[in-house]
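J.: Questions regarding the structure given below will be posed in turn.
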Amino acid sequence: LAQVKAQGQRVCAVGTTSLRSLESWAAQLQTPIAEAPSAAFAHDFEGETSLFIYPGFQFRMTDVLLTNFHLPKSSLFVLVCALAGTPLMQRAYAHAIAASYRFYSYGDAMLIAPHALSDAGVAARTPAA
Numbered sequence: 001l002a003q004v005k006a007q008g009q010r011v012c013a014v015g016t017t018s019l020r021s022l023e024s025w026a027a028q029l030q031t032p033i034a035e036a037p038s039a040a041f042a043h044d045f046e047g048e049t050s051l052f053i054y055p056g057f058q059f060r061m062t063d064v065l066l067t068n069f070h071l072p073k074s075s076l077f078v079l080v081c082a083l084a085g086t087p088l089m090q091r092a093y094a095h096a097i098a099a100s101y102r103f104y105s106y107g108d109a110m111l112i113a114p115h116a117l118s119d120a121g122v123a124a125r126t127p128a129a
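101 is the number that this note's numbering gives to position 101 of the sequence shown; each next residue is one higher, with no gaps.
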């Protein structure tokens with residue numbers, strides 16, 4: 001991860017638990033990853049998290065997320081809205097419902113890559129102030 005971030009490459013979390021783990025780990029660092037990537041990765045991290053990710057959250061580690069379609073009105077839907085933006089996720093979910101995608105743990109999956117959206121000129125999330 002140190003090398004990936006130091007080279008400006010993207011980190012893809014596979015699942016929301018992985019995303020929360022990565023962001024919890026990044027949040028406890030005293031030195032920002034961009035300033036000193038090798039120092040940031042010099043120690044192990046063990047613990048629990050109560051991190052609740054919602055729109056406006058500043059992602060420090062995760063750039064891309066591979067996850068399933070979560071139940072609407074759930075905390076996990078809020079998390080994906082934080083990464084991709086609520087309006088975009090509402091449109092994606094409307095499409096998923098119309099196309100009979102399966103939701104929840106063993107349903108269909110989606111790849112959320114906000115950088116690809118901005119590269120294509122599509123507004124994703126609004127940066128936090």
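Built from N, CA and C at the ideal position, the CB exists for glycine as well.
It should be emphasised that the depicted structure is a prediction, and the values quoted were computed from it without experimental measurement.
Take every Cβ of the region 53-63, pair it with every Cβ of the region 9-20, and state whether three or more of those distances are shorter than 8 Å.
T.: With the cut-off at 8 Å, the region 53-63 and the region 9-20 touch.
J.: Tell me which residues share the same chain as Pro72 and place their Cβ nearer than 7 Å to its Cβ, disregarding the 5 neighbours each side in the sequence.
T.: Cβ within range, chain order: Tyr93.
J.: Where does Leu51 sit, in a helix, a strand or coil, going by DSSP?
T.: Of the three classes helix, strand and coil, the one that applies to Leu51 here is coil, per DSSP.
J.: Counting only the same chain and skipping the five closest in sequence on each side, list residues whose C-beta sits under 8 Å from that of Gln7.
T.: Taken in chain order, the list of residues that qualify is empty.
J.: Is Thr86 helix, strand or coil when you go by DSSP?
T.: If DSSP states are grouped into helix, strand and coil, Thr86 belongs with the helices.
J.: For a test of the three-state rule: what should DSSP assign to Ala99, helix, strand or coil?
T.: Three-state DSSP puts Ala99 in coil, outside helix and strand.
J.: Would you tell me roughly how many angstroms separate the C-alpha atoms of Tyr101 and Leu111, rounded to the nearest one?
T.: When rounded, the distance between both Cα atoms is 14 Å.
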